[in-house]
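Student: In the numbering used here, the protein residues as written are 1 to 159.
Every residue gets a Cβ at the ideal spot worked out from N, C-alpha and C, and that includes glycine.
Note that the structure is a prediction, hence the values are computed from the model and not measured.
Here's a structure for you.
Written out as structure tokens, the structure reads:
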């Protein structure tokens with residue numbers, strides 16, 4: 001009887017601590033202690049004692065899950081530990097609108113060998129030069145786009 005009570009007490013404490021310290025490991029060990037207590041109850045008291053221990057373990061598990069996912073998020077403590085603001089910003093520049101950039105003239109901001117940066121209407125875009133090396137300041141023409149960059153080519157000078 002003492003082993004069952006100790007296993008259940010350890011299981012309840014670990015599961016309760018799991019509510020405040022999420023991560024799963026303490027809850028898993030606590031659940032295993034409860035399971036060991038149920039097995040010990042079946043061995044020591046038979047089917048009726050095991051059934052009572054099983055019901056108690058299920059009640060403890062259900063109460064813990066309810067407290068962790070329904071009650072705890074509404075408390076002041078949880079609101080202090082959770083983020084309430086979002087960060088506005090982008091990690092990548094916006095992709096150019098294909099229809100708006102095809103055929104437009106751009107200027108190389110960096111050397112395109114064959115990739116680099118160009119400007120179009122004051123905005124910087126990553127670009128790939130189909131005609132190979134393009135020096136800084138070169139005038140280029142947008143011929144296509146791919147996922148994140150413009151495909152450009154040298155403007156042919158007509159005389």
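For residue 141, which of helix, strand or coil comes out of DSSP?
Tutor: Within the chain shown, the letter at position 141 stands for residue 141. Three-state DSSP puts residue 141 in a strand.
Student: Please identify the residue among 18, 81 and 156 whose C-alpha is closest to the C-alpha of residue 66.
Tutor: The residue you call residue 66 lines up with position 66 of the chain shown. Nearest option by C-alpha distance: 18.
Student: Whole angstroms are fine: how far does the CA of residue 109 sit from the CA of residue 122?
Tutor: In the chain shown, the residue the question calls residue 122 occupies position 122. In the chain shown, the residue the question calls residue 109 occupies position 109. Residue 122 and residue 109: Cα-Cα distance of roughly 11 Å.
Student: How would you call residue 119, buried or exposed, if buried means at least 16 neighbouring beta carbons within 10 angstroms?
Tutor: Indexing the chain shown from 1 puts residue 119 at position 119. That one is exposed.
Student: Return yes when the C-beta of residue 96 is under 8 Å from any heavy atom of the ligand GTP, and no when it is not.
Tutor: Questions concerning the ligand GTP fall outside what the structure shown contains, since it holds no ligand whatsoever.
Student: Excluding the 5 residues preceding and the 5 following residue 15 in the sequence, name in chain order all residues of the same chain whose CB lies nearer than 8 Å to its CB.
Tutor: If you number the chain shown from 1, residue 15 lands on position 15. Within the same chain, residue 15 has close Cβ partners 26, 27, 30, 31, 34, 60, 61 and 64.
Student: Residue 96: buried (16+ other C-beta within 10 angstroms of its C-beta) or exposed?
Tutor: Position 96 of the chain shown, counting from 1, holds the residue named residue 96. That one is buried.
Student: Do you know offhand how far residue 125's Cα is from residue 80's?
Tutor: By 1-based counting over the chain shown, the position of residue 125 is 125. By 1-based counting over the chain shown, the position of residue 80 is 80. One C-alpha to the other measures close to 41 Å.
Student: When we look at the beta-carbon of residue 8 and count the other beta-carbons within 10 Å, is it buried (16 or more) or exposed?
Tutor: As a first step, residue 8 is located in the chain shown; it is residue number 8 there, counting from the start. Label assigned to residue 8: buried.
Student: What do you reckon, are the CB atoms on residue 107 and residue 138 nearer than 9 Å?
Tutor: Here residue 107 refers to the residue found at position 107 when the chain shown is read from its first residue. Here residue 138 refers to the residue found at position 138 when the chain shown is read from its first residue. Yes, the Cβ-Cβ distance between residue 107 and residue 138 is below 9 Å.
Student: Should residue 115 and residue 149 be called a contact, given that it needs their Cβ atoms to be closer than 9 Å?
Tutor: For the purposes of this step, residue 115 is taken as the residue at position 115 of the chain shown. For the purposes of this step, residue 149 is taken as the residue at position 149 of the chain shown. Taking 9 Å as the Cβ cut-off, residue 115 and residue 149 qualify as a contacting pair.
Student: Would DSSP call residue 2 helix, strand or coil?
Tutor: Counted from its first residue, the chain shown places residue 2 at position 2. In the structure shown, residue 2 sits in a helix (DSSP, three-state: H, G or I).
Student: Just to confirm, is the Cβ distance from residue 37 to residue 47 under 9 Å?
Tutor: Counting from 1 along the chain shown, the entry for residue 37 is found at position 37. Counting from 1 along the chain shown, the entry for residue 47 is found at position 47. Contact: no.
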